[in-house]
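Colleague: The structure follows.
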Amino acid sequence: KLISNKLLKKNINFCLMLGHQNFPTQIDDLNLNKIKYLKQNLKCNVGYADHVNANKLLSSFSIPLLAYCYGAEIIEKHINIDRKLKKNDYFSSLNLNELKSFVEYMHTHSRSIGEKSYKLSKSEIKYNAFSKKYLVAVRTLNIGDKINESNISFKRVNEIGINESQYKKLKNKLLNKNIAKDQIIRIQDLKNG
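Under the numbering used here, the letters of the sequence shown match residues 73 to 265, in that order.
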């Protein structure tokens, strides 16, 4: 903490890299929660130096993503031409031909974090609207028929119509058009007044 405070006071831009370098690092030894701890307590940028077994691509890709989700601003990843050559750090190094997939994985999947504020996405809003039940005719209805519990029901349909709370205000309104059985009833299908 003393060193990070000195660097911060001198306005030196630095990133503290969290990493546990075994040969390779075991999953149980990672403790990625340290990233949050360091960010909160040292008030500095924190990165993650990855040394998990590169032969286990799922872990080798997902652990750095988890570190990013915990707040790591920089991800260190070792690269080798071929792990079979057993050069330095080969146990945690991606082969050169795996690098593109790793970068694509990080860019694509990191978008799942979303925003810090809680607001519904356009997709969630659209899903919410289409997952609701809307007013439909339970039998063929004719112009001038009143809509009420004896001739309507609420079902999930592929379009937005009159929901249950809106229906309470529209109960006993007259239809201005014929409606077939199981067809959705919209506000514009009702006479004004």
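Built from N, CA and C at the ideal position, the CB exists for glycine as well.
The structure presented is a predicted model; accordingly, all values stated were derived computationally and were not measured.
Could you check what DSSP says for residue 224 in three-state terms: helix, strand or coil?
Modeller: It is a strand residue.
Colleague: Exposed or buried, what is residue 85 when buried is set at 16 or more other beta-carbons lying within 10 Å of its beta-carbon?
Modeller: With fewer than 16 Cβ atoms within 10 Å of its Cβ, residue 85 is classed as exposed.
Colleague: Judging by CA-CA distance, which residue of 83, 122, 212 and 255 is the nearest neighbour of residue 137?
Modeller: The shortest Cα separation from residue 137 among 83, 122, 212 and 255 belongs to 122.
Colleague: Nearest to residue 264 by alpha carbon, out of 253, 163 and 249?
Modeller: Answer by Cα proximity: 249.
Colleague: By the DSSP assignment, the beta strand (DSSP E) with residue 141 in it spans what residues?
Modeller: Run containing residue 141: none in the beta strand (DSSP E); it sits in the alpha helix (DSSP H), 129-141.
Colleague: Under 8 Å by Cβ, that's how I've got residue 147 and residue 140 pegged, so tell me the actual separation to the nearest angstrom.
Modeller: Yes, they are in contact, since the Cβ atoms of residue 147 and residue 140 sit about 6 Å apart, within 8 Å.
Colleague: What's the gap between the Cα of residue 154 and the Cα of residue 120?
Modeller: Whole-angstrom Cα-Cα distance: 23 Å.
Colleague: When the Cα of residue 115 is compared with those of 77, 172 and 91, which residue comes out closest?
Modeller: The shortest C-alpha separation from residue 115 is found at 77.
Colleague: Note down, in chain order, each residue of its chain lying with its Cβ closer than 8 Å to the Cβ of residue 143, except the 5 sequence neighbours on either side.
Modeller: Excluding residues within five positions, the ones whose Cβ falls inside 8 Å are 107, 108, 111 and 118.
Colleague: In this structure, how does DSSP classify residue 212 when only helix, strand and coil are distinguished?
Modeller: Here residue 212 sits in coil by DSSP.
Colleague: Can you name, in chain order, every residue of its own chain whose Cβ lies under 6 Å from the Cβ of residue 177, other than the five neighbours on each side?
Modeller: Result list for residue 177: 133, in chain order.
Colleague: Check whether the stretch 198-209 and the stretch 239-256 are in contact - that is, three or more C-beta pairs closer than 8 Å.
Modeller: The answer is yes - the stretch 239-256 touches the stretch 198-209, with three or more Cβ pairs under 8 Å.
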